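Just below is one structure, and these are the notes that go with it.
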Amino acid sequence: MGAGKSKSSNQESGGKSKSRRSWRKTKIKSKIPATCISGFPGNIHSKYKVDKKIIGEGHYGEVRRCVNLKTRGEFALKTIKKVKVKRVEYLEREIQILVTVKHPNIIEVVDIFEDEKDLHIVTELCTGGELFDRIIEKTKKSQGNNVIHGFSERDAATLIRKTLHAIEYCHNEHDIVHRDLKPENFLFKTKDQDAEVKIIDFGLSRVLDDNSPYMKTKVGTPYYIAPEVLKRHYTKACDIWSIGVIAYILLCGYPPFYGDTDSDIFTKIMSCDFNFPAYEWNHVSAEAKDFIVMMLNIDYKRRPTATEALQHRWFNKADPMPLSTVVGPKLEAFVGMCKLKKVALQVIAENLKEDEIAKMREVFVSLDKKKTGVLTIDEMTAVADYPGLMRQLEDVMDGIDLDGSRTIDYNAFIAATMSRNVFIREEYVRLAFDHFDKDNSGYITKSNLASILGSRQEAQQIIGDVDIAGDGQISLAEFTAMMQKKTAINEASPNESNGGQVVRVLARPRTLASCKEEDES
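Have a look at this one:
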């Protein structure tokens, strides 16, 4: 399920499908966290203006741009025709996965709406196109220069490292196996050469059963499918194989297992029949080749985990991401804020544009050494050299960790470190105010706050701190004054804004039709 993706994978089929009539009467009953939804079910047009122009089409629906009526932020809207969905549980599973995962390199679901005929999924907007298209573009340029290769080694290493971070997070934190990693399922946030990459389309993904690490369903895409998947007995290591294939393609522009038919490709995969032709690979380092050989180990039990793969010496060539010196004072300032302002900043953080969080996203990724998608107190010691911060690191964790998990997730980190110039903007202040003003009365009441914070006593205390007029409620003007109140977060840096050879060509293959999903039960 991607934002602006031109084609989508075919879903697994088999078993008894719901009839179209029964689907029309069915509401999706996913266990979706309430914080991820603004109106489910609801009217998409109550919150977004939807562009008529189609920017992408898939098996079940169309993708358009949409604009948040309050923030004016641009997003992607995938509209799924419910009558076209044969297996409701597959769609439920993909939605559940997408709203569960929170990682800088995985597409983010912003809103979900359902009406009588359609399911509308709002995600962050990615305008940079597919990785597949960039590979084709770079390969064409290389051939024009009479040199046959793809991405530079440094760029390839950076992209593969980010992919491994995201898959490590999926595997370790949520037991999610993607099962269809391929260049078509990577989108770039913008058209910039250094744009962030996002993994999309979790339609074939699987959450592993607690009782077994094994899967049996034959799914995936021919070039990228692992040999054990063809044997219908595999683990999450199938994703590692696919990443190895992608790494190979990035460096030369064509897949390691090539053939005129699916059968030819599968024969080569089953025998692990690949090599590094000198003409295309002389420019590639021994470390890169060693990395690929390690990832494409035909024995999945000897293949590295995502965590182990990230330790490979190939990545040592990449420059470490910078750790911004403004993190310390910002975290300290956030701790001193009242809870209403902290929650307001988290609401704003969920709606920020990419260029408004780019620098802090890099800082988060560099701090997240274990690549779990959350920061622990051990990882936070990296910023503890800021004067006075080490002594109160526990307080910092408590002050930012609003859900009591003893960790700081990505959104909370962005909330704590965003620029004051961003969060005091009128449209963001209004967005946060409306989040609390649930009954649209024009005021934030004790009842409004208690329903969000879970404590009437805490709500009363906040009212007392912010209610300048003394009328027992918070007006927009009073809320704005609270948001604009100067703190140490102000002291952030003012620069903070954010020839003759037969060439094998990468083609866009179809996704495999699968056997029955029930085989994995």
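My numbering applies: residue 4 is where the sequence shown begins, and numbers increase by one.
C-beta: ideal position from N, C-alpha, C; glycine also.
Since the structure is predicted, the reported quantities are computational estimates derived from the model, not experimental observations.
Alpha carbon of K271 to alpha carbon of A347, nearest angstrom
55 angstroms
_For I471, count the other beta carbons within 10 Å of its own beta carbon; 16 or more makes it buried, fewer makes it exposed. Which is it?_
exposed
- Item | Closest residue to H525 among A250, D242 and K219 (Cα-Cα distance) | Here the chain has residues from 4 to 524 only, and residue 525 is not among them.
- Message: Since Y303 and A418 should fall inside the 8 angstroms C-beta cutoff, what is the C-beta to C-beta distance between them, to a whole number of angstroms?
- Response: About 40 angstroms separates the two Cβ atoms, so there is no contact after all.
query = Expressed to the nearest angstrom, what Euclidean distance is found between the alpha-carbon atoms of E171 and K372?
reply = 11 angstroms
- Counting pairs of beta carbons, one from the stretch 126-136 and one from the stretch 74-86, are three or more of them closer than 8 angstroms? yes
task: For I301, I'd like the list of residues in its chain whose CB is within less than 7 angstroms of its CB, leaving aside the five on either flank, ordered along the chain.
output: P230 and C275
Inset, instruction - Kindly indicate the opening and closing residues of the alpha helix (DSSP H) around V425. - result: R423 to F426
(Q) Using the Cβ count rule (16 or more neighbours within 10 Å means buried), how would you classify G339? (A) exposed
| said: In whole angstroms, give me the CA-to-CA distance for F337 and E97. | reply: 35 angstroms
**Asked** Can you find at least 3 beta carbon pairs, one from the stretch 45-53 and one from the stretch 103-116, that sit closer than 8 angstroms?
**Response** yes
Pair every Cβ in the stretch 200-219 with every Cβ in the stretch 250-268, then say whether three or more of these pairs are closer than 8 angstroms. no
query = Assuming A159 and L299 make a contact with CB atoms under 8 angstroms, what is their CB distance in whole Å?
reply = Not quite, the Cβ-Cβ distance comes to about 15 angstroms (not below 8 angstroms), so this is no contact.
**Prompt:** Would the stretch 165-182 and the stretch 90-110 be scored as touching if the rule is three or more Cβ pairs under 8 angstroms?
**Reply:** yes
Suppose you measure from the CA of Q349 to the CA of G131; what does that come to, to the nearest Å? 27 angstroms
Residue range of the beta strand (DSSP E) that includes K55: Y51 to E60
| query | Using the rule of at least 16 other Cβ atoms within 10 Å of the residue's Cβ for burial, across every protein chain shown, is L162 buried or exposed? | reply | buried
- prompt: Skipping 5 residues on each side, what residues in its chain have a beta carbon closer than 6 angstroms to that of E187?
  reply: E133 and F135
Margin query: What does the alpha-carbon distance come out to for the pair T410 and Y261?
Written below: 45 angstroms
**Prompt:** If we ignore side chains and look at the alpha-carbon of each, how far apart do N354 and E92 end up?
**Reply:** 29 angstroms
Tell me where the beta strand (DSSP E) around I115 begins and ends. V112 to E117
| query | Does the distance from the C-beta atom of D195 to that of G223 stay below 8 angstroms? | reply | no
key: Beta bridge counterpart(s) of R67 as assigned by DSSP   = I57 and L80
DSSP on E95, reduced to helix/strand/coil? helix
Where T420 falls: helix, strand or coil (DSSP) = helix
Original post:
Would you report the Cα separation of R316 and F294, rounded to the nearest angstrom?
Top reply: 8 angstroms
Out of curiosity, what's the CA-to-CA distance linking N414 and D118?
29 angstroms
Check your understanding: Which whole-angstrom value describes the C-beta separation of T420 and M363, a residue pair presumed to lie in contact below a C-beta threshold of 8 angstroms?
Key -> 5 angstroms
Only counting the same chain, and skipping five residues up and downstream in sequence, which positions put a Cβ closer than 7 angstroms to that of D440? Y446, I447 and N451
Practice problem: Measure the alpha-carbon distance for E613 versus D381 and round it to whole angstroms. | Solution: It is not possible to answer for residue 613, since the shown part of the chain is limited to 4 through 524.
- Query: Hey, how far is the Cα of V432 from the Cα of V88?
  - Reply: 39 angstroms
Going by alpha carbons, who is nearest to K356 out of V469, K345 and S422?
S422
Looking at the strands, I want to know which residues DSSP matches up with L378. I411
Whole-angstrom distance between L167 and M383, CA atom to CA atom = 22 angstroms
- Message: Can you list, in chain order, the residues of its chain with a C-beta nearer than 7 angstroms to that of L378? Leave out the 5 residues immediately preceding and following it.
- Response: L370, D371, T410, I411 and F416
- Compare the beta carbon distance of V232 and K239 with 8 angstroms and say whether it is the shorter of the two. no
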